[in-house]
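Here is the structure we will look at, set down as structure tokens.
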Amino acid sequence: MFGSPITWRGDGKYFATLSEVLNSSSKRLKVWERDGGAVHASSEPKELMGSILDWMPSGAKIAAVCDRKAQNEGPSIVFFERNGLERSSFLIGEPIDATVELLKWNCSSDLLAAVVRCGNYDSVKIWFFSNNHWYLKHEIKYSRKDGVRFMWDPTKSQQLICWSLDGQVTVYKFFWVTAITDESNALVIDGSKILVTPLPVFLMPPPMYLFSLNFPSAVREVAFYSMNGKNRLAALLSNGCLCVAELPTPDTWESLEGKEFSVEPCASATPLGSFVHLIWLDPHVLLAVSHHGFNHSNCYFQPSSNEDRLLGFYLQEIELSCSEDNVPGLLTCSGWHAKVSYRNLLEGLVIGVAPNPAKRSSAFVQFDGGEVFEYTSKLGINKLDFKHDELRFSSSCSWMNVVLVGVTEPSKLLLFGLDDMGRLHVGRKILCSNCSSFSFYSNLADNVITHLILATKQDLLFIVDIGDILHGELELTYENFIHVGNKRREEENNNFINIWERGAKVVGVLHGDEAAVILQTNRGNLECIYPRKLVLASIVNALNQRRFRDALLMVRRHRIDFNVIVDYCGLQVFIQLASEFVKQVKNLSYITDFVCAIKHENVTEKLYKKFLSPPSCKEQKDLLTNDFKGSDASLDANNKVSLVLLAIRRALDEQVPESPARELCILTTLARSDPPALEEALERVKVIREMELSGSDDPRQVNCPSAEEALKHLLWLSDPEAVFEAALGLYDLNLAAIVALNSQRDPKEFLPFLQELERMPDLLMRYNIDLRLHRFEKALKHIVSAGDSHFFDCMNLMKKNPQLFPLGLQLITDNTKRGQVLEAWGDHLSDEKCFEDAAATYLCCTNLQKALKAYRECGNWSGMLTVAGLMKLEKNEVLQLAHELSEELQALGKPGEAAKIALEYCGDINGGINLLISARDWEEALRVAFLHSREDLVSVVKNAALECASSLIDEYKEGLEKVGKYLARYLAVRQRRLLLAAKLQSEERSINDLDDDTASEASSTFSGMSVYTKGTRKSSAASTASTTASRARDTRRQRSRGKIRPGSPGEEMALVEHLKGMSLTARAKQELKSLLVSLVMLGEEETARKLQHVGENFQLPHMAAVRLADDTLSDDTINEHGHTLERYLQKVKTELKDSDAFSWRCRVFVSH
23 MFGSPITWRG DGKYFATLSE VLNSSSKRLK VWERDGGAVH ASSEPKELMG
73 SILDWMPSGA KIAAVCDRKA QNEGPSIVFF ERNGLERSSF LIGEPIDATV
123 ELLKWNCSSD LLAAVVRCGN YDSVKIWFFS NNHWYLKHEI KYSRKDGVRF
173 MWDPTKSQQL ICWSLDGQVT VYKFFWVTAI TDESNALVID GSKILVTPLP
223 VFLMPPPMYL FSLNFPSAVR EVAFYSMNGK NRLAALLSNG CLCVAELPTP
273 DTWESLEGKE FSVEPCASAT PLGSFVHLIW LDPHVLLAVS HHGFNHSNCY
323 FQPSSNEDRL LGFYLQEIEL SCSEDNVPGL LTCSGWHAKV SYRNLLEGLV
373 IGVAPNPAKR SSAFVQFDGG EVFEYTSKLG INKLDFKHDE LRFSSSCSWM
423 NVVLVGVTEP SKLLLFGLDD MGRLHVGRKI LCSNCSSFSF YSNLADNVIT
473 HLILATKQDL LFIVDIGDIL HGELELTYEN FIHVGNKRRE EENNNFINIW
523 ERGAKVVGVL HGDEAAVILQ TNRGNLECIY PRKLVLASIV NALNQRRFRD
573 ALLMVRRHRI DFNVIVDYCG LQVFIQLASE FVKQVKNLSY ITDFVCAIKH
623 ENVTEKLYKK FLSPPSCKEQ KDLLTNDFKG SDASLDANNK VSLVLLAIRR
673 ALDEQVPESP ARELCILTTL ARSDPPALEE ALERVKVIRE MELSGSDDPR
723 QVNCPSAEEA LKHLLWLSDP EAVFEAALGL YDLNLAAIVA LNSQRDPKEF
773 LPFLQELERM PDLLMRYNID LRLHRFEKAL KHIVSAGDSH FFDCMNLMKK
823 NPQLFPLGLQ LITDNTKRGQ VLEAWGDHLS DEKCFEDAAA TYLCCTNLQK
873 ALKAYRECGN WSGMLTVAGL MKLEKNEVLQ LAHELSEELQ ALGKPGEAAK
923 IALEYCGDIN GGINLLISAR DWEEALRVAF LHSREDLVSV VKNAALECAS
973 SLIDEYKEGL EKVGKYLARY LAVRQRRLLL AAKLQSEERS INDLDDDTAS
1023 EASSTFSGMS VYTKGTRKSS AASTASTTAS RARDTRRQRS RGKIRPGSPG
1073 EEMALVEHLK GMSLTARAKQ ELKSLLVSLV MLGEEETARK LQHVGENFQL
1123 PHMAAVRLAD DTLSDDTINE HGHTLERYLQ KVKTELKDSD AFSWRCRVFV
1173 SH
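Sequential numbering of the sequence shown, starting at 23, is according to the numbering used here.
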């Protein structure tokens, strides 16, 4: 047991050892318990090599090395479970004499590294496990004399520390790079192989692949170039060699399935050295960062004298040429020559290199710390001219990418970088702080990137518009790329997709119309999803390019609403391009599906509002043809369905040759119109049926479906009852019978009805059909045409459908019958309480008695008396009618009109004067009294005017008192509310702790009295009707405004409403003006002056109080000096005293 290796499980509960088996070269793995020291499990004897043993930090596996010389194979790495059972193993791919000196897991248990000793070199190999396959992802070769050893960083899972016997320590910082080309071809490194899979053609689960490229040594780095029809791959090997291969165009790769191609190293006059960060500058030049002065770099070549003097890091250009001709469809894997054409010494550590998509033979170089400089071929880095401050990062980013964005010329460059902390940088800004992987999508129209695909550590996939990044609208739209956790908001937010498997990362995107995102799960499987945002973007791109067939195929494939094609283009544009749409699609089945899906709703404004923006003016103009650009035609968007289907129908007639399928498609457009054009569709079916019945050899018959097929198609698309009624509407009973039979209706239901119709005369048949179909206008025309014997039915039809009366008057010419129609119309209007119209209608048919009654019902006494004159009534009958009208008007509260009848028709001067006084028409009352020289009546008017003036003076004084009380109470309530709110906000205490003594003194002044009482005043037994009416009006106002409840939440607003409700109405001002003039005429100048003075004193403070209340409602501050009635009274006097509000005053009484 002594000297046996020990490896502990991560939690320290178990440890494992290797022990020799007695009398055998085999060894046994034993697992021990820490607490009791007992053997927990033991493996079967196995030819295990040396004392190499390491337990995975996660505890799942124990790794050991197996000697397979007996099988004539090199060593293998075998894995055991805690129970001692062997789980799996893999060969390390080395000769039989190779040995494994060291084996270690990294801290995250996903990488396994080993030192393998071969004949003349040592190598550090790193494997990665995915989808039940171990990939050799990296190999570093050292000279055997270096005696290399390594350890993984205990906290950084992708950092490896190597050291050699001569004291050289090298720290390798690895990061995962997904080798997906611009054309979405996957390149996977597996030891000395590169596995190639075109993802748009085959989505093969790893480790499967389409074909492979074999190299002389393990591949350390790969770069791919695809542009202008050239597809070239460069690979740097672990032995220091560079290999180049030219591949055929990806559309021919299917013929390469299952094949393996050997790639030869490039010939070079001088050694190329060891380098990293390999990229293509153009089809013939590679750019890389070479490093000189390291022992393991010199394992396979002897440096020249010039090379020996180099030390440090260089940007190195490598020119390539090929001595073999490229054969289309075949790979060029040999005959390549390479030479170093340019070197540029670097002053710092390079973190990443990315080609410049906007400029040929140019690249961006990122140094440690995030500084980015532009490199130009043969010129090197010029920090003064080429430093891009707007492109640099705020920290080092291992993953770096430069993309071309923007729809305007010139396009803009954006520099994206992802650091080790998961922060996604866009230049100096941090776009996302929890990013795990990202990629880009382009619509391939101009190779400009349109969307960023971003996966977060919370397993959310975001599709980000590049426009949102450029315009800085990310925080609001994408909520900082954090899951909100609210179900309702999650339903509203369509900007992210939940990744169903934890830890899955974005590895690639299918560009253009494919619009797919490829995710790789932790276990290695590939999943392809189609985010709706990308799908809609690809559809929009196809529509902008007028590729209607491609757009329709994408809509069908991804189950997008067909209406997006119409709604994005715009109704006007689509109708003009419908012919082109039909011409491109060709497939009538697809067109039928499209027609059936059209609806009035605009999906770009509702269903896909979050995904689509309306097309720009330029895109709209590009879609329109020159013939249509100048048109100002405007189409009704509410009739979208019918307009679109009409355009499709016309396009079918123009672009598609006659065939049964075309006819069925046209019938579909008719049936799906809104409303359905079933009669037109049945007319087409009728034509086909007539051709079949005629028995002629009409050539059109060959290109039409059978009448039965066409009818069944129509019935399948529409409600059978609607089709049956449409057939009846054509007055073709045979066609209606055929429809009923094909809709599987019981003949007992429809046959008697059709037979009854058949027995009728033609006009009556049409009349009955129209009645059934509620086509009342046609029914009226047919029944009128049927003759006078059916006039009774005609009248009944109009009475049941009053809207037909105007048409009936146009159709009927006989005066007697017209009179009956007019009388019936008048009766209908009377029933509808339209008495004015009914009276006029009765007058048209000289039915004066009913006209008189109608005028009476609507209270038109003038019309009544006029009709009475037309009726030649006796004088006493007119007088009696006038008395009745006068009494009715008095009862209705219209004393003014009653007075007019009493004076003009009844000759009752006394009664007329009293009625005018009741109506407060003082000037008219005086005029009539003087007209008839009745001094006694003048005295009556004078006494009533004086009493009314006295009553108004008391009312205005009381009103002034109320204004003051209401306003004081309002200010007190408002002040208390504001103080309570301020105290709660500042001290955060409950309302019960507040001191009400902080309220203003005005509040305490009125706390002991009620401001809501009507008040008291003297009442006179001799009060006139006018004063009574005034009080009644005041009572009605109080009731309409409702009661004010002290201390209630609505008290403040109720006080304001009561203040506003006390204002003088236009009628009150008119009555007041008339009263003032009459008092002057009667010699009561002082009374008039006093009344005007009191009225002014009421109106001014009232208007000032209302203004003050309105101003304070919108202001939450307390201003004891500014918010006073006195201050506002001065404002109102200055601003409004000469306005229309005071037009009731007499200037002679205005005080200055």
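Using N, Cα and C, we set each Cβ at its ideal position, and we do this for glycine too.
Please read these numbers as outputs of a predicted model, since none were measured by experiment.
State the beta-bridge partners of residue i as determined by DSSP.
| i | result |
| --- | --- |
| M1125 | In the DSSP output, where bridge partners are listed per residue, M1125 has none listed. |
| G351 | Answer by DSSP bridge pairing: none, since G351 is not bridged. |
| K451 | V448 |
| H359 | A289, S343 |
| Q181 | K195 |
| Y364 | E339 |
Should residue i go down as buried or exposed, given a rule of 16 or more other Cβ atoms within 10 Å for buried?
| i | result |
| --- | --- |
| S15 | This structure cannot speak to residue 15, because the chain is shown only from 23 to 1174. |
| C550 | exposed |
| A748 | buried |
| G1083 | exposed |
| D792 | buried |
| Q997 | buried |
| R1039 | Here the model assigns R1039 a pLDDT of 36, short of 50, so the residue's position is not dependable, and the following value carries that caveat. The residue in question, R1039, is exposed, as its Cβ has fewer than 16 Cβ neighbours within 10 Å. |
| I923 | buried |
| W174 | buried |
| D347 | exposed |
| F462 | buried |
| L44 | exposed |
| L715 | exposed |
| V1128 | buried |
| H1124 | buried |
| L492 | exposed |
Closer than 6 Å by C-beta to residue i: which residues in its own chain qualify, once you throw out the five before and the five after it? Chain order, please.
| i | result |
| --- | --- |
| C265 | F237, A257, V285, P287 |
| Q1168 | Rather than Gln, the amino acid found at residue 1168 in this sequence is Cys. Excluding residues within five positions, the ones whose Cβ falls inside 6 Å are L1098. |
| N508 | Summary for N508: the model assigns pLDDT 47, below 50, so the residue's position carries little reliability; its value from the coordinates is reported in the next sentence. Nothing listed; no residue qualifies. |
| G32 | P79, G81 |
| G428 | K434 |
| S455 | R445 |
| G848 | A860, T863, Y864 |
| E1093 | R942 |
Which whole-angstrom value describes the C-beta separation of residue i and residue j, a residue pair presumed to lie in contact below a C-beta threshold of 8 Å?
| i | j | result |
| --- | --- | --- |
| L700 | A693 | 7 Å |
| I340 | V307 | 7 Å |
| H473 | V375 | Not a contact, Cβ separation roughly 25 Å. |
| L785 | S807 | 5 Å |
| L1147 | A1126 | 6 Å |
| L70 | V87 | 7 Å |
Tell me which residues share the same chain as residue i and place their Cβ nearer than 8 Å to its Cβ, disregarding the 5 neighbours each side in the sequence.
| i | result |
| --- | --- |
| N94 | I118 |
| K1091 | S1165, W1166 |
| A890 | L874, E899, V900, L903 |
| E116 | G96, P97, V138, C140 |
So residue i is in the beta strand (DSSP E); what residue range does that whole segment cover?
| i | result |
| --- | --- |
| Y36 | 36-42 |
| Q338 | 334-344 |
| R788 | Looking at the DSSP string, R788 is not in any beta strand (DSSP E); the run it does join, the alpha helix (DSSP H), is 784-794. |
| W174 | 171-174 |
| S601 | Taken as a continuous stretch (DSSP letters only), S601 belongs to no beta strand (DSSP E), being part of the alpha helix (DSSP H) at 593-607. |
| A208 | 207-212 |
| H155 | 155-165 |
Within the same chain, show all residues whose beta-carbon is closer than 7 Å to that of residue i, passing over the 5 residues directly before and after it, in chain order.
| i | result |
| --- | --- |
| R524 | D481 |
| G1186 | Only positions 23 to 1174 of the chain appear in this structure, which leaves residue 1186 out of reach. |
Need the endpoints of the alpha helix (DSSP H) that residue i sits in, please.
| i | result |
| --- | --- |
| H812 | Careful: H812 lies outside any alpha helix (DSSP H) and carries neither H nor E. |
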